[in-house]
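**Q** Going by the working numbering, the first residue of the sequence shown is number 10, and it counts up by one from there.
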Amino acid sequence: MKTTYSYEELLKFDDPFEYEFGLPLKINDLPSSVMEEDISDSKTKLLEKLSEDYSLIIQKPRIPNEKVFSTLSLLDENEFMKLYVVNETTFNEALWDLLYESEYNLHWAFFLLKEMKGVVFELSYTGGETRALTLSYLNANTLIHLRLEVDQSVTCRWD
10 MKTTYSYEEL LKFDDPFEYE FGLPLKINDL PSSVMEEDIS DSKTKLLEKL SEDYSLIIQK
70 PRIPNEKVFS TLSLLDENEF MKLYVVNETT FNEALWDLLY ESEYNLHWAF FLLKEMKGVV
130 FELSYTGGET RALTLSYLNA NTLIHLRLEV DQSVTCRWD
C-alpha cells in the first residue's frame, strides 16, 4: 500500500500529523506532500537511509541513560529530555534493539532527517509544557518516520 497526500489535501485535515499519520513529533511547517507506505523491512529501510546520509534523530528522557547513548552525538538537552543524532557509522545493533523496544514509549521520538542545517528542534517539556518534540524551518527537506513493528513509513517532503 502506498498513499500520497498533496499540500492541498493536508490542509483539509484538522491535525494530519497527530490524528492521520501518528507522528511522534509536531511540525510547524506543513510539507508539500506526505507519503504513507508499507515497506518490506524497517531495519533495512533505516540502514538504507543512513547510507544515503540521512541522520537518525532520537529524543529520549534524560534518565535512564542507557550505555548505548554514551558514544552518540548529543544535539540538545533540557531538564527532562536529550536529543541525539546518529549517522551510519554510529548506528549499531544495540541501538536498533532499544528503538524497537521503545517505539510506543510516549516519551521517545525518533525519525530520519535528510538535512539538519537550519532546522530548529524544540524539545518537549520546555517551559513546563508537556508536548511533543517540535520541528521548524524544514525548507527543502525530507523527514521519514518508520513504524518499526508494522513495517510502514511516513515520508514528509518540503520543496
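Positions of the beta carbon are idealized from the N, C-alpha and C atoms, including for glycine.
Might you give, ordered along the chain, the residues of its own chain that have their beta carbon closer than 6 Å to the beta carbon of Asp168, omitting 5 neighbours on each side?
**A** Ser41
**Q** Counting Cβ pairs, one atom from each stretch, are 3 or more of them under 8 Å apart for the segment 120 to 137 and the segment 96 to 108?
**A** no
**Q** Roughly how many angstroms separate the alpha carbons of Thr13 and Asp47, rounded to a whole number?
**A** 12 Å
**Q** How big is the Cα-Cα spacing for Val77 and Asp24?
**A** 34 Å
**Q** Flag this pair as yes or no: are the beta carbons of Met125 and Ser162 separated by less than 8 Å?
**A** no
**Q** Measuring alpha carbon to alpha carbon, tell me which residue in Lys11, Val94, Ser49 and Ser111 is nearest Leu59.
**A** When each option's Cα is compared against that of Leu59, the closest is Val94.
**Q** Pick out the complete alpha helix (DSSP H) segments inside the segment 18 to 61, 4 residues or longer, and give them in chain order.
**A** Complete alpha helix (DSSP H) runs here, min 4: 51 to 60.
**Q** Taking buried to mean at least 16 other C-beta atoms within 10 Å of its own C-beta, is Trp159 buried or exposed?
**A** Contrary to the premise, residue 159 reads as Val rather than Trp in this sequence. By the neighbour-count criterion, in which a residue is buried when 16 or more other Cβ atoms sit within 10 angstroms of its Cβ, Val159 is exposed.
**Q** Given this structure, state the Cα-to-Cα distance separating Ser15 from Ala141, to the nearest angstrom.
**A** 24 Å
**Q** CB-CB under 6 Å to Thr164, same chain, minus the five flanking residues each way: which ones, in chain order?
**A** Sequence-distant Cβ neighbours of Thr164 in its own chain, meaning closer than 6 Å and more than five residues away, are Met44 and Ile153.
**Q** Going by other Cβ atoms of all chains shown within 10 Å of its Cβ, with 16 needed for buried, is Pro73 buried or exposed?
**A** Exposed.
**Q** With DSSP run on the structure shown, which of helix, strand or coil describes Asp149?
**A** Correcting the residue type first, residue 149 is Ala in the shown sequence and not Asp. DSSP places Ala149 outside both helix and strand once states are collapsed to three, so it counts as coil.
**Q** Terminal residues of the continuous beta strand (DSSP E) containing Leu132?
**A** Taken as a continuous stretch (DSSP letters only), Leu132 belongs to no beta strand (DSSP E), as it is neither H nor E.
**Q** For Glu102, write down the residues that DSSP places opposite it in a beta bridge.
**A** BP columns for Glu102 are empty, so no partner.
**Q** Leaving aside the five residues before and after Trp117 along the sequence, list all residues of the same chain whose C-beta is less than 6 Å from its C-beta, in chain order.
**A** Lys69 and Ser111
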